[in-house]
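Right, one structure below, let's go through it.
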Amino acid sequence: MDYLQPYPKYNAYKLANTIDPSITTQNSSEELLAFLMTVPAKTLSDTTKIHPDPEHDTRVVIGFEYELIWKPVMEPSDDEDAYFSGYPDDKFREGIFNKVPVMVGITSEEGALIGGWKDRIELIDDHPELLYSQVEGLTEREKRELGEKMIRVYTEGKLEKNLTAAVKLYSDVGFSNRIIKFADLVSPYVDVYFYQYSFFGAIENKAGPIVEMEGE
1 MDYLQPYPKY
11 NAYKLANTID
21 PSITTQNSSE
31 ELLAFLMTVP
41 AKTLSDTTKI
51 HPDPEHDTRV
61 VIGFEYELIW
71 KPVMEPSDDE
81 DAYFSGYPDD
91 KFREGIFNKV
101 PVMVGITSEE
111 GALIGGWKDR
121 IELIDDHPEL
131 LYSQVEGLTE
141 REKRELGEKM
151 IRVYTEGKLE
161 KNLTAAVKLY
171 SDVGFSNRII
181 KFADLVSPYV
191 DVYFYQYSFF
201 GAIENKAGPI
211 VEMEGE
């Protein structure tokens, strides 16, 4: 999952406008903040179930509706009060972090939930560019071409016809690839204990729709 909020201004105004339609982009950021500070926490939480417009919609990849608007926002590096002012990958690559041993890993078929969300799978089939929706510096055509190539790594046909491929793609794009990248970046500086957990058997207390499929 992406660790930065890609559309902070849009999401802040969208959140406020959904709670009170009188709040729009015509309001200043100071007015926006003042309003949001008066809103109960439960209302803020409940309102994150709203659906952004397609241009700002990353739900196809993350799979958690709108809750993940609550992610760090990049702040100016010259702001002495800034909490988050640089890309984590750059910090890890340069060794700018607290150096302690790290245990990190992945779970096989982490993205199994998507197997029960066929509408999302069909949307990726129709709009493969969504797999690269938050990658900067690419045209929509380039994103689509890359998305198509990504899908072909997992299946020659449609993902909706091969749920195992869909789950593997979602697991890698949504979880495994970035975890592995993190481990690789910090490994020159600290000991990394990397694991892969695979579970085969009956799944109890399912958190959502799970697709039944063969393991390997």
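The opening residue of the sequence shown carries number 1 in UniProt numbering; numbering runs sequentially from there. Beta carbons are placed, not taken as given, at the ideal position from N, Cα and C, and that holds for glycine.
In the DSSP output, what is residue i paired with across the bridge?
{"i": "residue 103", "result": "193"}
Terminal residues of the continuous alpha helix (DSSP H) containing residue i?
{"i": "residue 166", "result": "163–171"}
{"i": "residue 45", "result": "41–47"}
{"i": "residue 154", "result": "140–154"}
{"i": "residue 88", "result": "88–94"}
{"i": "residue 16", "result": "8–19"}
{"i": "residue 82", "result": "Counting along the chain, residue 82 falls outside any alpha helix (DSSP H), and DSSP gives it neither H nor E."}
{"i": "residue 182", "result": "177–186"}
{"i": "residue 35", "result": "29–36"}
{"i": "residue 122", "result": "118–126"}
With burial defined as no fewer than 16 other Cβ atoms inside 10 Å of the residue's Cβ, what is the status of residue i: buried or exposed?
{"i": "residue 140", "result": "exposed"}
{"i": "residue 199", "result": "exposed"}
{"i": "residue 143", "result": "buried"}
{"i": "residue 115", "result": "buried"}
{"i": "residue 40", "result": "exposed"}
{"i": "residue 11", "result": "buried"}
{"i": "residue 152", "result": "exposed"}
{"i": "residue 168", "result": "buried"}
{"i": "residue 166", "result": "buried"}
{"i": "residue 157", "result": "exposed"}
{"i": "residue 96", "result": "exposed"}
{"i": "residue 33", "result": "exposed"}
{"i": "residue 111", "result": "buried"}
{"i": "residue 4", "result": "exposed"}
{"i": "residue 64", "result": "Residue placement at residue 64 is poorly supported in this model, since its pLDDT is 48, which falls under 50; the coordinates still yield a value, given next. Exposed, since its Cβ has fewer than 16 Cβ neighbours within 10 Å."}
{"i": "residue 61", "result": "Here residue 61 scores only 47 on pLDDT, less than 50, and its place in the model is too uncertain to base an answer on."}
{"i": "residue 173", "result": "buried"}
{"i": "residue 87", "result": "exposed"}
{"i": "residue 29", "result": "exposed"}
{"i": "residue 132", "result": "buried"}
message: Is it the case that the segment 77–94 contacts the segment 180–190, given that we only count it when at least three CB pairs across the two stretches are under 8 Å?
response: yes
- prompt: Is it a yes or a no for the segment 8–21 touching the segment 95–113, going by three-plus beta-carbon pairs under 8 Å?
  reply: no
Three-pair Cβ contact test at 8 Å for the segment 113–129 versus the segment 67–80: no
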